[in-house]
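In this note's numbering, the protein residues as written are 688 to 1017.
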């Protein structure tokens, strides 16, 4: 029964659809007329009223720069005042030599003056003061060389002393003026030169500074003035000694000044110590032994040495040159 009803509904729906389709008709066409479009605007916000736009103000000119300063007037430079002396440090003192170093450095500058005559043998000492062979000794030694003749004299050095050069006289001062009550000349120093040396030698420097009481000097020399035989002359040895300043000697008669050092006792104060140089601990020549007092032993004798400052004074009087200038020029 249900099935028969469903078939009947479907048949009715189909018949209704066919009727509707058959009754559809197209609409009649009508002519199209174009319409003029006026008074339109874009759908935006309404326009504002026009306003007069003022131009932006021009930037003000920068302020004028001040004129450049006038050039400075150059003032003359004023030299600075010298710094006070207390700001400059004194130079360090020169190193003092040991006995061994002193001997090693200066033994090559010591020369023995050795002369032979038919009557006697003579020897004394000297010290070489420049590398041209100029050496310093006593005036009375130079006078013996002059009297004996240069061909009878020779320079020796070493330990023991060996001949190595000839000798010539360079300068002897005026020896006519003697120390009061003696036959010793006041100006008892001279310069000789070694010539035609066959071996090398060294030289020592001179200081013109005077030492004070108690100063210690070192010496090297050949203490054997008059040799009585060939055997003793062969055995001339270089002797080292030290001396202490015990007093000062007036040589030229002016007791207000001192021209010599006085030493009491010393190995070097033997006969033959003439011409022996005294050295400072720094290795500078400070004087020249030229006389001793009488005494049976060296411990009982006083030795006297001329100061280099006095030699400098005499050289200026007689030659117009001081010690340093004289040595440099000869």
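Glycine included, C-beta positions come from ideal geometry on N, C-alpha and C.
If you're wondering where the values come from, they're calculated on a predicted model, not measured in any experiment.
Asked                                                                                                              : Found
Residue 1011 versus residue 974 - alpha carbon distance                                                            : 14 Å
Alpha carbon of residue 851 to alpha carbon of residue 889, nearest angstrom                                       : 13 Å
Residues near residue 797 in its chain [Cβ-Cβ closer than 8 Å; skip 5 each side]                                   : 812, 813, 814, 815, 844, 907, 908, 909, 925 and 964
DSSP beta-bridge partners of residue 931                                                                           : 903
Cβ-based neighbour list, residue 706, same chain, cut-off 6 Å, excluding 5 preceding and 5 following               : With a pLDDT of 47 at residue 706, under the threshold of 50, the modelled position of that residue is not reliable, and no figure is offered here.
Helix, strand or coil at residue 1005 according to DSSP, with G and I counted as helix                             : helix
Residue 805 beta carbon near the ligand COA (any heavy atom closer than 6 Å)                                       : With respect to the ligand COA, the structure shown offers nothing to examine, as it has no ligands at all.
Nearest candidate by alpha-carbon position, reference residue 863, set 979, 939 and 882                            : 939
Outcome for residue 982 when other beta-carbon atoms lying within 10 angstroms are tallied against a minimum of 16 : exposed
C-beta atoms of residue 856 and residue 829 nearer than 7 Å                                                        : yes
CB-CB length for residue 810 against residue 911, believed under 8 Å                                               : 5 Å
7 Å Cβ cutoff met for residue 877 and residue 859                                                                  : yes
Residues bridged to residue 841 [DSSP beta-bridge criterion]                                                       : 801
Exposure of residue 875, with buried meaning 16 or more beta-carbon neighbours within 10 Å                         : buried
Beta-carbon proximity of residue 837 to residue 802, cut-off 7 Å                                                   : no
Alpha carbon of residue 930 to alpha carbon of residue 883, nearest angstrom                                       : 34 Å
As assigned by DSSP and simplified to three states, the class of residue 1016                                      : helix
Beta-carbon proximity list for residue 898, same chain, < 8 Å, skipping 5 on both sides                            : 904, 932, 948, 967 and 973
Residue 887, buried or exposed, once every other Cβ within 10 Å from all chains shown has been counted against 16  : exposed
Residue 896 versus residue 992 - alpha carbon distance                                                             : 14 Å
CA-to-CA distance, residue 825 to residue 794, given in whole angstroms                                            : 19 Å
Nearest-angstrom Cβ-Cβ length linking residue 868 and residue 1005, presumed shorter than 8 Å                      : Wrong, their Cβ atoms sit about 24 Å apart, outside the cutoff.
Reduced DSSP secondary structure (H/G/I, E/B, other) of residue 878                                                : strand
Run of the beta strand (DSSP E) containing residue 949, from where it starts to where it stops                     : 947-951
CA-to-CA distance, residue 804 to residue 946, given in whole angstroms                                            : 34 Å
DSSP state of residue 856 mapped onto helix, strand, coil                                                          : strand
Through-space distance from residue 865 to residue 986, alpha-carbon basis                                         : 26 Å
Minimum C-alpha distance to residue 979 - residue among 970, 1014, 962 and 1008                                    : 962
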